[in-house]
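In what follows, a single structure is set out as structure tokens and then discussed.
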Amino acid sequence: MHPSMMVHFRKKIGMELINKINKEIEKKATGVASEKKENEGKLLLDAT
């Protein structure tokens with residue numbers, strides 16, 4: 014049986030980077046990283 018691609022990449026990029034990625038995923042999933050953004054411009058729609 015061959016190892017999965019995730020195992021292949023994990024070995025190449027190292028556990029430190031995997032842990033950083035996991036922390037960022039956790040922040041986004043728990044809403045820690047969510048910030049209310051103000052308007053960033055205008056949206057113009059033309060229905061003609």
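In case it helps, my numbering puts the sequence shown at residues 14 to 61. Quick reminder that beta carbons are idealized off the backbone N, C-alpha and C, glycines included.
If you look at A42, you'll find it in the alpha helix (DSSP H) that goes 28 to 43. Between the C-alpha atoms of I34 and G54 there is a straight-line separation of about 31 Å. Rounded to the nearest angstrom, the gap between the Cα atoms of L30 and V20 is 14 Å.
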